[in-house]
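Residue numbers (the numbering used here): -3 to 432. Even for Gly, the Cβ is constructed at its ideal location relative to N, Cα and C.
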Ligand code: CMC
């Protein structure tokens, strides 16, 4: 590094007009430079050195990753190289979970061992019932599940050995297995219904349906269409690279916290209405609009920035979110069984207007994954409070894959951004009696 030639490397030449000095900085793969290479740029030797200012990490790569690829301009999403469209059509959620965690699709025996392992770990400790029983009858299910997952760290104190790959794998399996159980327990508490234990003979999503909806019968078999639709929704939500909640998972995990604590933190990040809470916000918005006749008034509010069209827009996608297209098709299959959700008419009309109106077109605002998912969840019988939970269950595998990758990456250390300090300079303490 310095003022010499680039010797065949891709480099960036930076001239500091304050000093007249030039710096040649290596360009890594994908038009990226290392921020630490800027630190040498100083006016005086005693200076700290140049940093970049990037609130909300809009233009900062925090990791090298091999898990999920997104091309936001073209609307492409791939897990470990496989297009989301192919996975949604031909794979299952647990097969995709294996792919995300291990990097390769499983063989038949690897998949059946993995399914067996997950099935074996679906039960949660009986004390969890008492924990959830302590919540008010109207507690939001997401709040209950976040607390329940955080509480699991106290049941598995050995999970703090995060440097041991075998210990890590055991917690990964436990978390994938127990997320639906915890979610179903929270839902049953919310509804005032007795809890239903997991059924090992059922598939991952059929068992989830049974724990949620079985009342007064020995067996519960959901419609195969709904079982498959939920599996497809789980595939679509499994990972989405370095979004807000995944970053939370990585940041918490970087302090070597146990995965239950880290995952409950990631869930908390997901809950916000700008992230995984958007599916719930979409449904509340559609209910508030109430009828197609009220759309013009609502859209006028959006244009005046008094309203936000929930389920539209994305930091990365500047084209149609590929997940939204698949969900739209899945909705039609679900409606064949459940009947058409009347809110779909409002949603379709909103989309039609947004795709043609200047405000949305010039800002590249297209439907995202949350726009149609809530309409399906509602048709399947889920209350709106369950929507963010339905996002969190499959995203657990993405969070865990990213957490594992972060722990195995020798370049990662405890996450610790810098700041530009704009507060007061040093000043002397003033006793309370002397303060005006
Ligand atoms: N409705 C109306 N205007 C919008 C919307 C929207 N949904 N989203 C963005 N804009 C406008 C925004 O006001 C801004 O306008 P201007 O340039 O005049 O100031 C411009 O578009 C750029 O928006 P931004 O807020 O700077 O974009 P961002 O990348 O910071 O935010 C977002 C991305 C997803 C938070 C945002 O689009 C949003 O709030 N969408 C609604 C919530 C939502 O659906 N979230 C789910 C995201 S996908 C699933 C997930 O990741 O959880």
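Let me know the secondary structure DSSP gives residue i once reduced to three states.
i	result
residue 161	helix
residue 270	coil
residue 198	coil
residue 312	coil
residue 150	helix
residue 300	coil
residue 101	coil
residue 74	strand
residue 413	coil
residue 90	helix
residue 11	strand
residue 79	strand
residue 420	coil
residue 181	helix
residue 67	strand
residue 190	coil
Report whether the distance from the Cβ of residue i to the nearest heavy atom of ligand 1 is below 7 Å.
i	result
residue 456	Outside the modelled stretch of the chain, which goes from -3 to 432, sits residue 456, for which no answer is possible.
residue 306	yes
residue 361	yes
residue 272	yes
residue 366	yes
residue 311	yes
residue 298	yes
residue 283	no
residue 185	no
residue 236	yes
residue 55	no
residue 352	no
residue 196	no
residue 239	yes
By Cβ distance, which residues of its chain are closer than 7 Å to residue i, with the 5 residues on each side in sequence left out?
i	result
residue -1	Only weak support exists for where residue -1 lies, its pLDDT of 40 falling under 50; the coordinates are left without a value.
residue 244	261, 262, 265
residue 314	68, 69, 360
residue 416	49
Measuring alpha carbon to alpha carbon, tell me which residue in the options is nearest residue i.
i	options	result
residue 442	408, 391, 398, 427	Examination of residue 442 is not possible in this model, given that the chain is present from -3 through 432 alone.
residue 93	278, 209, 279, 227	227
residue 43	49, 115, 34, 50	34
Within the same chain, show all residues whose beta-carbon is closer than 6 Å to that of residue i, passing over the 5 residues directly before and after it, in chain order.
i	result
residue 156	254
Given 7 Å as the limit, tell me if residue i has its C-beta closer than that to any heavy atom belonging to ligand 2.
i	result
residue 301	In the structure shown, ligand 2 is absent; the only ligands present are ligand 1.
So, for residue i: in the same chain, excluding its five sequence neighbours on each side, which residues have a beta-carbon less than 8 Å away from its beta-carbon?
i	result
residue 170	117, 148, 152
residue 400	97, 164, 168
Mind listing, in chain order, the continuous alpha helix (DSSP H) runs of no fewer than 4 residues lying wholly within the stretch 202 to 270? 220 to 233, 240 to 249, 255 to 267
Which residue spans inside the stretch 15 to 63 form an unbroken alpha helix (DSSP H) run of at least 4? none
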